[in-house]
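Residue numbers (the working numbering): 3 to 159.
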């Protein structure tokens with residue numbers, strides 16, 4: 003079961019109904035009965051201004067194999083409001099990786115991108131390709147501004 007879909011707090015858990023849902027597209031994913039393929043199903047938009055932010059969203063074009071599964075996952079993602087639930091963790095994650103890059107003494111550009119991509123590969127091997135941290139790492143690795151030194155906006159003085 004993908005970690006992203008397991009409700010992790012009482013508030014999120016309370017957003018799902020404890021009764022049978024009439025519309026199958028609105029049924030929450032069951033952690034033991036539903037099989038979710040280990041494919042990326044999140045998109046990430048990196049924004050760089052005075053700082054760096056990462057906005058995650060459910061990928062409507064994800065190769066999940068079943069339209070019903072995709073609709074159920076999208077509904078759960080929206081109902082639980084995953085981006086809001088993860089907002090503070092995402093900020094901490096971005097800052098942690100900016101610190102790691104600076105601490106490693108990597109030259110800006112391709113070495114930073116390679117570091118982020120290889121970190122994403124290691125995390126994906128351990129937690130799956132759909133894990134939110136993997137999606138963010140891959141988006142950061144592909145972001146030329148972030149890799150060219152944009153990560154420094156996240157460093158604390």
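All residues carry an ideal CB built from backbone N, CA and C; glycine is no exception.
Item to check | Close-in-space but distant-in-sequence residues of the same chain around residue 53 (CB under 6 Å, 5 per side omitted) | outcome: Correct list, in chain order: 155.
Checklist entry - Are the beta-carbon atoms of residue 125 and residue 114 separated by less than 7 Å? => result With respect to the 7 Å criterion, residue 125 and residue 114 are not classified as neighbours on the basis of their beta carbons.
Checklist entry - Do you know whose CA, among 59, 151, 77 and 107, lies nearest residue 92's CA? => result Selected option, being the one with the closest Cα: 59.
Next on the checklist: Taking a contact to mean a Cβ-Cβ separation below 7 Å, would you say residue 2 touches residue 50 in this structure?
Outcome noted: This structure leaves residue 2 out entirely; the chain is present only between 3 and 159.
Item to check | Proximity winner among 89, 37, 87 and 146, relative to residue 74 (alpha-carbon distances) | outcome: Nearest of 89, 37, 87 and 146 to residue 74, Cα basis: 37.
Next on the checklist: Pop quiz: residue 99 and residue 142 are said to be a contact at Cβ under 8 Å. What is the actual Cβ separation, rounded to whole angstroms?
Outcome noted: Contact annotation, residue 99 with residue 142: C-beta distance approximately 7 Å; criterion of less than 8 Å satisfied.
Checklist entry - Alpha carbon to alpha carbon, how far is residue 121 from residue 82? => result Between residue 121 and residue 82, the C-alpha separation is close to 28 Å.
Checklist entry - When we look at the beta-carbon of residue 131 and count the other beta-carbons within 10 Å, is it buried (16 or more) or exposed? => result With 16 or more other Cβ atoms inside 10 Å of its own Cβ, residue 131 counts as buried.
Item to check | residue 40 versus residue 70: straight-line alpha-carbon distance, rounded | outcome: In this structure, the alpha-carbon of residue 40 lies about 17 Å from that of residue 70.
Item to check | When 108, 79, 138 and 148 are compared against residue 46, the one with the closest alpha-carbon | outcome: Nearest option by C-alpha distance: 138.
Item to check | Member of 24, 158 and 144 whose CA lies at the smallest distance from the CA of residue 56 | outcome: For residue 56, the nearest C-alpha among the options comes from 144.
Checklist entry - Over what stretch of residues does the beta strand (DSSP E) that includes residue 60 continue unbroken? => result Counting along the chain, the beta strand (DSSP E) containing residue 60 begins and ends at 54-60.
Next on the checklist: At the level of alpha carbons, what is the spacing between residue 147 and residue 48?
Outcome noted: A direct Cα-Cα distance of roughly 10 Å separates residue 147 from residue 48.
Checklist entry - Among 111, 62 and 68, which one has its Cα closest to the Cα of residue 80? => result Closest option to residue 80, Cα to Cα, is 62.
Checklist entry - DSSP on residue 89, reduced to helix/strand/coil? => result Three-state result, residue 89: helix.
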